[in-house]
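Residue numbers (the working numbering), protein chains in the order written: chain A, 177 to 432; chain B, 177 to 432.
Where is the CB? At the ideal position from N, CA and C, for every residue including glycine.
Since the structure is predicted, the reported quantities are computational estimates derived from the model, not experimental observations.
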DNA sequence: GAGTGGTCTAGACCACGAA
DNA sequence: TCGTGGTCTAGACCACTCC
């Protein structure tokens, strides 16, 4: 795991760690680019590249002539590559995971199996189903599909139900050395079937969101497929081309 | 409108235009960075900045040692700042817009009105409701909210029902000089009420998506608020931190 | 006017991919 | 091996903010 990382990535991580540790409170100013440049002993260009990532993720805001200010200690993005576990922890609540099942599935007809083709072609698949909860209240039903040939055997003990280790993204990276760097996601409205309704503690037929996500590796191959069912709302923030977080914050909820 | 733009933005536009005009077919290779550098008479750094945007938007893919290849002639992103009109045109279908109503609304109680506070504080609001269709089939019900003080009077003639001019984003920019550069979006599952069901030609109670979007100006102030109701699916692609579009393309639908 | 980010350049060396 | 993108630097000048 000790790969050499580019400087900008290291600088980014160190800055982000400082942020999440609370070294820079929300609203405070970051040092100037020049100061950070000498602190980290890299050029201003490299500092800027690290800062760009922080800006695009919604941690800090930047204004010409004024500098960088902290707007959040955790990123607001909710997509299938952001960790539900981390998000819930940062919000101050406690996430838990109930492992529902681990199944090995051999698609009868690979051509019609409703998963990305190159994943199905790997042979037997593993399906891991988990119920994610926030403060013990059901929040999300997750099915993760992987090629068995890529990760070998998995056991229930590989999927902790509490703590930071319950993050499937971390489990896949750290226990099974799976990595990815892009994804494609679809969001659809569906009606809760009886199983989803029971697990999510809602009524059958209630409208819920289905998030279907494919994660791709560097070579463009599918690394895993995941679908999530959730009753709540998904938030995307500051996704403009030239991303820049707003100075003002919303004063009231969007939905009446 | 003739503001001076940075070089990288101009290069980006010229490259994107070449793409959308079909000068570089899908699958073809772009010239090398060095070649483009001399063609556009800018440094390699500047070329890279323009290319980065094309990569992050999903137009082209890049591979070290191999070069840039074209993967799409239009961006796959579907968010409230991407033009529905353009998306439909590029897919080969014909978009139309039915203007349902233009209303002036003075919130009785600004504190409880379910819109961003700084928008409500501007005084009277304009609400523009339109039904967007694809090949005359209803696809999306859109309500756009603006501060009347920012744009003055609007007339039905300002909202063409056909052609590229029907894009509300273009209308706001070109006819009313509104600009924005960031946004925040929420997606929720709801059940279609009788009005939405009738307009979208679906059954009452069917699950649909509600997209609520706030667009922010450079100063962080809300420029407009928009909510969309749609029965279909929303797609987000290649939104990883280090964005990189996959080489392989999905072979089958995500939903069974 | 001083400070700060925004843009741009020329040049260097490295890592990966393909022939 | 060679071409290509990936990373990094020092230095310059401009535009904006704030005093």
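{"Asked": "Below 8 Å on the Cβ atoms is my guess for residue 354 of chain B versus residue 318 of chain B; work out the distance and round it to an integer in Å.", "Found": "Contact flag wrong, Cβ pair sits at about 16 Å."}
{"Asked": "Against chain A, with Cβ distances strictly below 8 Å, would residue 226 of chain B count as a contact?", "Found": "no"}
{"Asked": "So residue 371 of chain B contacts chain A; which residues on that side make the cut at Cβ distance below 8 Å?", "Found": "Those do not exist, as residue 371 of chain B stays about 15 Å from chain A at its closest Cβ, beyond 8 Å."}
{"Asked": "Under a CB-based cut-off of 8 Å, is residue 344 of chain A close to chain B?", "Found": "no"}
{"Asked": "Could you tell me which of A/411, A/401, A/284 sits nearest to residue 392 of chain A, measuring between CA atoms?", "Found": "A/401"}
{"Asked": "Nearest chain A C-beta to residue 362 of chain B closer than 8 Å, yes or no?", "Found": "yes"}
{"Asked": "Under 8 Å, Cβ to Cβ, is there at least one residue of chain A near residue 282 of chain B?", "Found": "no"}
{"Asked": "Looking at the unbroken beta strand (DSSP E) that takes in residue 274 of chain B, where does it start and where does it end?", "Found": "271–281"}
{"Asked": "Looking only at C-alpha atoms, which of A/204, A/207, A/225, A/279 sits nearest to residue 184 of chain A?", "Found": "A/225"}
{"Asked": "How is the alpha helix (DSSP H) around residue 403 of chain B delimited, first residue to last?", "Found": "Premise fails: residue 403 of chain B lies in the beta strand (DSSP E), 398–406, not in any alpha helix (DSSP H)."}
{"Asked": "Which residues in chain B sit within 8 Å of residue 182 of chain A, going by Cβ to Cβ distance?", "Found": "Going along chain B, no residue has its Cβ under 8 Å from residue 182 of chain A, so there is no contact; the nearest lies around 10 Å."}
{"Asked": "Where does residue 403 of chain B land, buried or exposed, given buried means 16+ other C-beta within 10 angstroms?", "Found": "buried"}
{"Asked": "When the cut-off is 8 Å and only beta carbons count, does residue 367 of chain B lie next to chain A?", "Found": "yes"}
{"Asked": "With a cut-off of 8 Å on the beta carbons, I'd call residue 270 of chain B and residue 334 of chain B a contact; round off their distance for me.", "Found": "Actually they do not touch by this definition, with Cβ atoms about 21 Å apart."}
{"Asked": "How about residue 196 of chain B and residue 242 of chain B: do their beta carbons lie closer than 8 Å?", "Found": "no"}
{"Asked": "Strictly by DSSP, which residues pair up with residue 237 of chain B?", "Found": "B/245"}
{"Asked": "For the putative contact between residue 337 of chain B and residue 272 of chain B, defined by C-beta atoms under 8 Å, what is the C-beta separation to the nearest angstrom?", "Found": "6 Å"}
{"Asked": "In three-state DSSP terms, what is residue 254 of chain B?", "Found": "coil"}
{"Asked": "Determine the DSSP secondary structure at residue 316 of chain B, reduced to helix, strand or coil.", "Found": "strand"}
{"Asked": "Would you check if the distance between the CB atom of residue 347 of chain A and the CB atom of residue 383 of chain B is smaller than 8 Å?", "Found": "no"}
{"Asked": "Which first and last residues belong to the beta strand (DSSP E) in which residue 364 of chain A is found?", "Found": "358–367"}
{"Asked": "Between the stretch 387–414 of chain B and chain A, which residues of the former have a C-beta closer than 9 Å to a C-beta of the latter?", "Found": "388, 389, 390, 391, 392, 393, 394, 395, 396, 397, 398, 401, 403, 406, 407, 408, 409, 410, 411, 412, 413, 414"}
{"Asked": "The beta strand (DSSP E) spanning residue 301 of chain B covers which residue range?", "Found": "301–310"}
{"Asked": "With DSSP run on the structure shown, which of helix, strand or coil describes residue 324 of chain A?", "Found": "helix"}
{"Asked": "Kindly indicate which residue of B/215, B/232, B/231, B/236 has the alpha-carbon position closest to the one of residue 202 of chain B.", "Found": "B/236"}
{"Asked": "Rounded C-beta distance between residue 254 of chain A and residue 411 of chain A? I'm assuming under 8 Å.", "Found": "5 Å"}
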